[in-house]
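These protein sequence lines are chains A, B, C and D, in that order.
Going by our numbering, the first sequence opens with residue 5, and the numbers climb by one from there.
Going by our numbering, the second sequence opens with residue 83, and the numbers climb by one from there.
Going by our numbering, the third sequence opens with residue 722, and the numbers climb by one from there.
Going by our numbering, the fourth sequence opens with residue 27, and the numbers climb by one from there.
Cβ coordinates follow ideal geometry from the N, Cα and C atoms, glycine included.
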Amino acid sequence: MTNHWSDMVHADVIMIMGSNAAENHPIATKWITRAKEKGAIVVSADPRYTRTSSFADVYCKFRSGTDIAFVGGMINYALQNDFVQKDYVLNYTNASFIISEKYGFDDGLFTGYNPASRSYDKSHWAYELDGKGMPVRDMTLQHPRCAFQLLKKHFQRYDVDTVCNITGAPRDVYLQVCRHYTSTWAPDRVGTWLYAMGATQHTHGTQNIRTYAILQLLLGNVGLAGGGVNALRGESNVQGSTDMALLFHILPGYLASPTAADQSLAAYLASNTPRTNDPKSANWWGNYPKYIVSLLKAWYGGHAARENDFAFSYIPKRSGDYSWISLFEAMYAGQIKGLMLFGQNPAVGGPNTNKEIKALEKLDWMVAVDLWETETASIWKRPGVKPADIKTEIFLLPSASSVEKEGSITNSARWAQWRYAAVHPVGNSRSDLWILDALCKAVKKEYAAGGVFPEPITRLAWDYGTGEEVDVRKEPDVHRVAKEINGYFTQEKTVGGRQYKKGEQVPGFALLQDDGSTCSGNWLYCNSYAGPEKKDNKMARRSKRDAMNGIGLYPDWAWCWPVNRRILYNRASVDPTGKPWNPKRWVIRWNAGKKQWEGDVPDGPWPPGEKHPFIMKPDGHAWLFAGNLNDGPLPEHYEPLESPLPNMMSRQQVNPAIKLWHKDAPEMNAVGTADRFPIVGTTYRVSEHWQAGAMTRNLPWLAELVPDVFVEMGVDLARQKGVQNGDRVTLETARGKMSGYALVTRRFEPFRHNGKIVHEVGVIWHFGYQGIVKGDSANVLTPHVGDANTMIPEYKAFLCNVYKAKGGAS
Amino acid sequence: MKAKSLNLLSGQSVIWFLAVLGLVLIVYRFVMGLGAVTNLSDGYPWGIWIGLDILAGIALAAGGFVMAGTVYLLGGQRFHVMARTAVLTAFLGYLLFIFGLIVDLGRPWNIWKPVFNWQHESPMFEVSWCVMLYTFVLFLEMLPSVFERYRLEKLHSLWRMMVPWLIVFILGLFTLAMTHSPQWALAMVAVLLVWEGLIRLRIMPRHAEVSILLIAAGVILSTLHQSSLGSLFLIVPHKLHALWHTPILPLLFFFSAVMVAPAMVIFESLVTERTLGYKAHLDLLHAAARVMPYLLGVYLFLKLADLVGRGAVPHALALTPQAVSWWMEMGIGAVIPLVLFMTPELIRNRAGLFGTSVLVIAGVVWNRLNVAVVGVIVRPWETYYPYWAEVFITVGIISVGLLAFRWAMRNLPIHVEGESPHPA
Amino acid sequence: MKALLIDVTRCVGCRGCQVACKEWNELPAEKTRFFASPKGYQNPRDLSSKTWRVVTYNEAQTNGRFEWVFGHLQCFHCIEPSCATACPVSALQKTKEGPVVYDPDRCLGCRYCQLACPFLVPRFEWDKAIPKITKCTMCADRVAAGEEPACAKVCPTDAIVFGEREDLIAEAENRIHRNPRGYVHHIYGKDEVGGTCVLHLSNVPFEVLGYRTDLPKISLREYTKTAMQVVPHVKIGLAVALGAVSWVIQRRIRNGRDEKNGSSSGGES
Amino acid sequence: MKISRRTFLGATGGSALGTAVSLFGPQKGRAHAAQTPPMKTVRTKQSTTICPYCGVGCGLIVSARDGKVVSIEGDPDHPINEGSLCSKGMALYQVAVNERRLRSVLYRAPGGSRWEEKTWEWAVPEIAKRIKRTRDATFRREEGGRTVNRTEGIACLGGAALDNEECYLYSKLARALGVAYLEHQARI
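What follows is the structure, given as C-alpha cells:
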C-alpha cells in the first residue's frame, strides 16, 4: 500500500477492484464505511456480487481476466473528457518524456518482440536522450512520441462499447463507474484504489496494476491522503517476509539477488545501481552500494571485508527463474530432494495441486514447521494413497503461535508492529526463531567437520544469545535480531560531523555506509530499532499523538518503513511550490519560514522544486509509460490462458510474454478449451477462512461458520445444469475435478459478449483433507501459468465445466 | 368368565410391559437429556407431554372437582356413589401429571422453587401453585378412604379437626403469593373463616364425611388452574393460530373441563364395569348424559361466538392443516356428540353412551393438542411430530396410572357395590 | 436503559460478532453443514444453546436494486420481556441496566419462556442431563463493568452500537432523517412488543430479513395481565358464591325434604 | 511493553459484590446486571499482540492467567481496528487454546504409515544431516565457468506467517546454504 488503512477515510471515491475487502480485509470496511458516511462513493467492480458489493454505491460486474479492458476504458474516458489533473501529470509523471522512435505497437504486439523466446527487447521502449544524457521532454504534451500522446493513442482503442463487449459490464453501470471515479481529477477530490489478488493473479497481473497506477496518476491521486494505489496484502506478515526477501529474486530490502553474471560486487553494483544525469533526480537507488555492503556485513561480520569483496561470493547466484511454479516443476522433475516449509501448505494453496502434490511425493525429505498437521505434511495420509508408496521422509516440527512468542510483523501499510509472548508455547512447540537458530547451529556443527564449500555456513555471523549447543530451554534474543536488521556501526565512524561508536545502532538508512563501517540486515528497516534499549524499539510504540496535519498518521504508533513515512510519494501531494493540492487534508507542506517540511515524513528533505518527487525512480517521475516491464510499456488486454472468447483487441490471444508451461512441460499441465469447458471459473476466499485453511479449519468456531466447500453459480446456469441450491456439484477443468455444494445465487450473473452468453462460477479454495472441516481443494483446477513479470499463478480465471455430482442433494 | 379374565391377564401384562418400558425410557431421558427421547426443539419446546399428559390430562381429571362440587356443594347427593371414584381418579391423575411434569421439566429438582420464588404475573406460577395445592386437597379428600380401610379412627378425627384450618392457611398463602397483598390474603382468610364459622354454627350446611371447605377449596383451585392452563397461551398471539388464540381461552378451557367431566364419569364407570366388574349405575349415567347437550350447546355457542366476534371465521374456512384440525375438533368433540346426546335411543344403551362420551373426551383431548401443538406455528420450515420414545413415555406413565388405579380400586373402599345412592 | 442499535445497512456480514459472542460467553462450536436454502452463507441455521447470535444472509430486490442484506438474530432484550413474564420463578429477569438475564439456580426447565418469546430467542440444552435455558445476555457482566457487549465492541463498521436506549433511538431517527432514501422509515424494536433494547435499522423491508412484522405494539405481558389480575377476584368471589349457592341449594333440598318427610335426615349427621 | 488497560480492568469493582438473594417472596424487579459474576478478564495479565491473519494488522489484547490464555479481544487503543475484529481475528483464542495444535516433534519414516513422536534433541541434528547430505550432493560452485555457489537440490518455502526477525534469519540461513529455490506466499 502507498497509503494506509485508516487513510481510506479521506477518499471521495473508493474503487474496490480485484479486491473483496469485506471478506479478506474486513477491518478495511471500518474506514471505507466511515468514508461513505462522510459522503464518499464506493464502487465495487467484481465478476461476482460480494460482501464488498453489498455496501457499495455502485456494483459493476465484469468477466474474470478482463481488468485491463475495464480500466483501460476508464483511462480512455478520463483522457477523452480531459478529466486529468494537468499540473500533476505534467510535473510529476513521465507524460512529457519523448519515447524512442523504435517504439511501436501493432495488433497486440509492441516492437522488439521475439516470438522464439517469447520476450521483448526493451531497448525499443527507452526514453529519447539529449546530448547530456537527459531525457528529452515536451512540456506541451503535444509531441506525437511523448508518453502522454502514446498513452492516449493506445487507450483510444478502449472505447465504451468495445470495453463492455470484452468485459460484459453493463454499459450504463460502467459509465457510472467512469463518471464517479474520474471525478477525482479535481485537485480537491481524491480517489483511492484498493486491489488484492483478484488483480494480481492473472497472466497479465502486473499490467492490471499498471492500469490502476496510470489512472491514479492521470487523476493526480498518488501521494495524497485518501489516494494511492493500495495492494491489500493477505497475510499478516507477507509484507515483512517480502521485505526480508523470502523470494528467489531479491535480497532483504528489495536488493536484487545476484545472477551468474554478477561475478564480483562491482559487476553486481554496475548492473543494479541506477544512474541519472538529471541533477534534480534524487535517484535514491543510487545508494545501492551502501545497502548491499551493510547487508553483507550483517551476514558475514568480520569475514566480510573489502579484501574479499565483502564475502559477495558466498551469496548464491541465480541462473534463470526459480519462482513458485518453476520450483514445483523442478521438484516434479526430481531435481529438488529436500524441502523446508515454514507455515506454508502448498498441497492446498499451490496452483495445479494435483501436480504439486505429486511433486512433493518425489522429495527425499521434507521439514514442515507448523502449528497444525497440514495437508502438505500429511500427503502420505491423503485419501486414495497407500502410505508405503510415498517414500518421502517427513519431519513435522511444532511451532509456537503468534501469542506465544515475541517479535514484529509488518502490515500491508508497512507498519512494523511488535508482538509479545502472552504465554509459553503449547506442549513442546517452539518459536520459529528457536527452530531456525537451532537448525543453523546444527548445520554449522555439521560443516565444522568440513563439506562442500563450507565457508558461507561456518563463517555466517550467527549469535543470538543461545550459545553453541542446541538447548530447548534457551529462546534466542529476538531483540538482538531486530537490532541486526536495523543495523549498527561495526567500527567507530564519523558521519555528518557526529561520531558513532562501534556497536551503536544506526539511526537511519541515510547513514549506512558502503565501506563496511555499518551493517544492516535490511536497510529499509534501518531506523526501526535506533538505540540499544528496548525503549528504542520504535516498532513497539503505542502513542496516539497525531501529526500536525491531523489526518490520522499516528507517527508515534509502531513504526513504518521507510523512515516512518506513512504515505509514500507524499512529495506529489503538494504543487511544485510546496503547497498541498488539497489544503483541507494535507499530507506535507513546506514551511517557508522554518525552511522545513511539516506533516508526514517527506520523501526526502529537499525544499520544494529541488528534487523530483518520485525519488525511487532514476528520472524522478512516476511512469505512465514503463519501459522496464517484460510484457510491454503500456497495458494491453489479452485473454487469460484459458478463455471462452477470442481476444477482441488483437490476434494475440494471451499475453505474448508469458511462459507456456503446457508447451515446455506438458505432463500434468493440460490446458482446456471452450468446447469441453465453456464456463469461466475463478477461485476466492471467504471472511471466515484464511488461505489454505490450516489456521481456520482447525478452529471450531470458524469451522462452524463455513463447514463446507461451496460453488457459487448463477440462477440461469443452475437451471441449465439442473442444479438446485444445496446440490453437490462437480467442477472440472483440464487438470482436475473437485466437488462442493452448489450455492445458486443471483449474485452471479451471466455476461454478454457480442451477444454471446458466458457463464462464470466461483469456488472457495480454503479446503483440504485435514482439519475439523474437510473438503476438496479448488486448486486442483488451477493451471501452472504465471504472470509475465512476477510469475504469480493465474488462479483467477480458467475454463471449467460444472455438473451435478452423483449422490445428489444435501 | 374365564376367557375374560385371561384377556384381562394378557391385557394386564401388556400394561405392565408398557409401564416398565416407559420407566426405562424415563431413566434414559434423565441420563441423556430431553433431546435423546423427544423431538422437542427450541421452536416446539412443548409437545405431546404437555398437550396430552398435562393439558388434556388435567382437563379429563376435572371429574374430581365437578363431582365433589356437585355432590357436596350443589346438592347432587345421588351422585355420591361416584364421587369417591372420581376423586381417586383425579388424585391419581394429578400424581401422574406431577410425575409427567418431572419427566418433562428440564430441571425438576427445582420443582419446589415456585413455593419460594413468587412471580405472580406468570400463568405458569399460578398453575403450579394450583396443581400443587389441589393435589394436596385431593390427597386430603382421599385420606378418609385410607383411614376407613385401615380403621385409623384417631387419625381420622385429627383429619377432621385440622382440615378446615389447613384450607384457610393454604388458600390465604396462595392469595398472598398471587397478589403480594396482605389485604387480599386477609380477605380470603376472612371469607373462609366466616364460612367455617357459619358451618360450625350450623347456619351453613355441613357434611359428616367431608369438610365443606375442603371441597370448596378443590372447586376454587380447579376453576383457577383449569382456566389458567388456557391463560398459558394468552401470551403467544404470535404463535398460536387465530382459531384458538382468544382472550376467553381460559374460560373455554375451564368450560370444556367442566363439560368433559360427565363424559369422563360415564366413560370411567363403563370401563370399570367392564374391566373390574363393578356394576355401573346406569340411572346416574343417564342423568349425567342428560346434562351433556346443555354443556355442549353452551360450549359450541362460546366457541363460535368467540370466533365470529374476533373476525376469525375466515381462518376456519382456509385450507390449512390447522383449519382441518379445528373442524375435526369441533365436529368430533362437539357437534356430533351434541346430536348424539340429543338422540334418546342412542344414549339409552351402554354402547351408545360409551361411544358418545368417548367422542366428547376425544374432542377435548384434540382441543388441547390443537392449542399446545397443532395450532402453534413457529416458522414455516419447523414441524413437530413426537418421537417414538416420547410416545412410549406418555403411554408408560398412563400405564402406571392404570395399574395404580386398579390397585386402589381393589384395595381401598372406593367402590362399594350395591351401596345405596343416598348419602350415609 | 442500555440498548444496542443494529444498522444492517452498515453490516458487511463478516461475522466477527458471531465469534465474539462465542468467545466471550465460552460457547462451543456446533457441527454444521452447508446451509443451502435460502441463506447460503449463514451458519448455524438458527440460534441454539450453543449459538446466541447469528448473522443471516438475505438476497432482495428492492426499488429496482439488488441487495444482499445481513440480518441479526439475537435476544431483543424487551423492555417488558414475555419470557420474564412467563417464567414462574423469575429465573429470567429484566435488569434495570437493560439486559434480560437468566439464573439457572431457579429455573425449572419448564420452557414456557421459549413458548412465550415472540423472537424464538431462549434456547434449551436438549442434549444435556442438567440443561439450562440459554440466550444472549447482552454481556451483562461486561455491561456491569462499564464495557460494551462483545458483539458491539467487535463490529468493524459500527453496525452494532451500544448506548442509552433514548440516545440510540435519537441516533436512529437522525440517520433516517439524514438519509431518507437509504432506510425503511421504521426503527424495529422501538415499539414492537412494547419496545425492545435491541433496535434495528434497515434499507429493505424487515420481512426480507426474516423479522416478524406482525407483532403487536404492546407488551405481550398485557395479554395475560387481565387473566392474572382477576385470579384473586375469582378466588374470593368463588368462595363467597360457592358458600351462598350451597347454602341456598341445601336449604331448598332440606325444605323440600321437610315438606315431604316432615323430618330432617340425610344431609347432616 | 505490558500494558494495563483501564477499560479492561475497570471490571474488578462492584460486580464482585453479589447481592444476597432472599429466599421467600416476590422476586420481580430485583435483578441488576451487578449481580452477574465479574468479567472473566479481571485479575489477568494482559499483553498486546497483532492479528496473525490478514495484512491489516489489527491490535489485540491477550488476557492470560496462570500461563493460560483466558480471552483475546480487540485492542480499543489500536488506531486501525479500534477494538473491532473480524471473525478470524476474534477466533484467535482458539489458536492459542486448541487441542489440535501440534505439541511435539513428529517424524514419519519413508513409506511409514504413522507419525512417531520425537524429541528436539533427536530431530534437529537429524535434519541438519539431511540438509548437509543434500546440499553437498547438489551444490554447484560453478556453471559455465562462472561462480554460482548454489544448490538447486533444496527448496525453502514459507514465511508470511513468521515474524520479521524469523523471516530475516530464514532468509539469511537459506542464502548461507546457497538455496536458489526460496519462495513463499508472496508469489502466489
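(request) Going by CA-CA distance only, name the one from Cys804(A), Lys667(A), Ser412(A), Arg739(A) that's closest to leucine 188(D). (result) Ser412(A)
(message) Going by DSSP, what residue range makes up the beta strand (DSSP E) through arginine 732(A)?
(response) 731-736
(request) Assign glycine 603(A) to one of three DSSP states: helix, strand, or coil. (result) strand
(request) Look at the alpha carbon of proline 196(B) and the alpha carbon of alanine 807(C), and state the distance between them as a whole number of angstroms. (result) 13 Å
(request) Look at the Cβ atom of proline 256(A), then the Cβ atom of leucine 299(A), and state whether they are nearer than 8 Å. (result) yes
(message) On the CB-based measure, 16 or more other CB atoms within 10 Å of its CB, does methionine 552(A) come out buried or exposed?
(response) exposed
(request) Mind checking which residues open and close the beta strand (DSSP E) that includes threonine 498(A)? (result) 497-499
(request) Compare the C-beta of proline 52(D) against all C-beta atoms of chain A and say whether one is closer than 8 Å. (result) For proline 52(D), the predicted structure reports a pLDDT of 48, less than 50, and the residue's modelled location is therefore unreliable. A value from the coordinates is still provided. Answer no: the Cβ-Cβ gap between proline 52(D) and chain A never drops below 8 Å.
(request) Locate the beta strand (DSSP E) running through phenylalanine 399(A), then write down its first and last residues. (result) 397-402
(message) Under DSSP, the beta strand (DSSP E) around asparagine 234(A) begins and ends at which residues?
(response) 233-235
(request) Compare the C-beta of arginine 731(C) with all C-beta atoms of chain D and state if any pair is closer than 8 Å. (result) no
(message) Which residues of the stretch 729-744 of chain A have a Cβ closer than 7 Å to any Cβ of chain C? Give them in chain order.
(response) Asn729, Gly730
(request) With distances taken Cα to Cα, identify the nearest neighbour of valine 68(D) among Arg832(C), Ala866(C), Asn784(C). (result) Ala866(C)
(request) Please say whether histidine 206(A) and lysine 800(A) have beta carbons closer to each other than 8 Å? (result) yes
(message) On the criterion of 16 or more Cβ atoms from any shown chain inside 10 Å, does glutamine 72(D) qualify as buried, or is it exposed?
(response) buried
(message) By the DSSP assignment, the alpha helix (DSSP H) with threonine 476(B) in it spans what residues?
(response) 470-493
(message) Among the candidates Phe845(C), Trp773(C), Ile800(C), Thr855(C), whose CA atom is the shortest distance from the CA of glycine 910(C)?
(response) Ile800(C)
(request) Please go through the stretch 869-938 of chain C and give each complete alpha helix (DSSP H) segment of 4 or more residues, from N-terminal end onward. (result) 871-875, 886-899
(message) If you follow the beta strand (DSSP E) that phenylalanine 529(B) is in, where does it begin and where does it stop?
(response) Within the shown structure, residues of chain B are numbered from 83 to 506, placing residue 529(B) beyond reach of any answer.
(request) Would you kindly check if the distance between the Cβ of serine 330(A) and the Cβ of glutamate 169(D) is under 8 Å? (result) no
(request) Give the interface partners of threonine 37(A) over in chain C, defined as CB-CB distance under 7 Å, in chain order. (result) Arg731, Thr878
(request) Closer than 7 Å by beta-carbon distance: list the chain B residues that pair up with tyrosine 944(C), in chain order. (result) Leu316, Ile317, Pro319
(request) List the endpoints of the continuous alpha helix (DSSP H) containing leucine 352(B). (result) 331-358
(request) Taking 8 Å as the threshold, find out whether the stretch 485-502 of chain A comes into contact with the stretch 533-548 of chain A through three or more Cβ pairs. (result) yes
(request) Measure from the alpha carbon of valine 373(B) to the alpha carbon of each residue in Trp241(B), Ile132(B), Thr152(B), Leu137(B), then state which is nearest. (result) Thr152(B)
(request) Taking only beta-carbon positions, decide if lysine 158(D) is within less than 8 Å of chain A. (result) yes
(request) Determine, using beta-carbon pairs with one atom in the stretch 269-286 of chain B and one in the stretch 210-222 of chain B, whether at least three such pairs fall under 8 Å. (result) no
(request) List the residues that DSSP assigns as beta-bridge partners of histidine 793(C). (result) Val776(C)
(request) For arginine 736(C), collect the residues of the same chain with a Cβ closer than 7 Å to its Cβ; drop the 5 residues on either side in sequence, then sort them by chain order. (result) Val776
(request) Keeping to the same chain, check which residues put their C-beta closer than 7 Å to that of proline 505(B); ignore five residues upstream and five downstream. (result) Because the pLDDT of proline 505(B) is 35, which lies under 50, any placement of that residue in the model is unreliable, and the question is left without a value.
(request) Compare the beta carbon distance of leucine 785(A) and methionine 742(A) with 8 Å and say whether it is the shorter of the two. (result) yes
(message) Distance check for leucine 649(A) and isoleucine 555(A), CA to CA, integer angstroms please.
(response) 47 Å
(request) Using beta-carbon positions only, say whether phenylalanine 114(A) and tryptophan 129(A) come within less than 8 Å of one another. (result) yes
(message) Do isoleucine 939(C) and leucine 920(C) have their beta-carbon atoms positioned less than 8 Å apart in this structure?
(response) no
(request) Enumerate in chain order the residues of its own chain whose CB-to-CB distance from valine 477(B) is below 7 Å, with the five nearest sequence positions on each side excluded. (result) Leu100, Gly104
(request) Pick helix, strand or coil for threonine 414(A), following the three-state DSSP scheme. (result) strand
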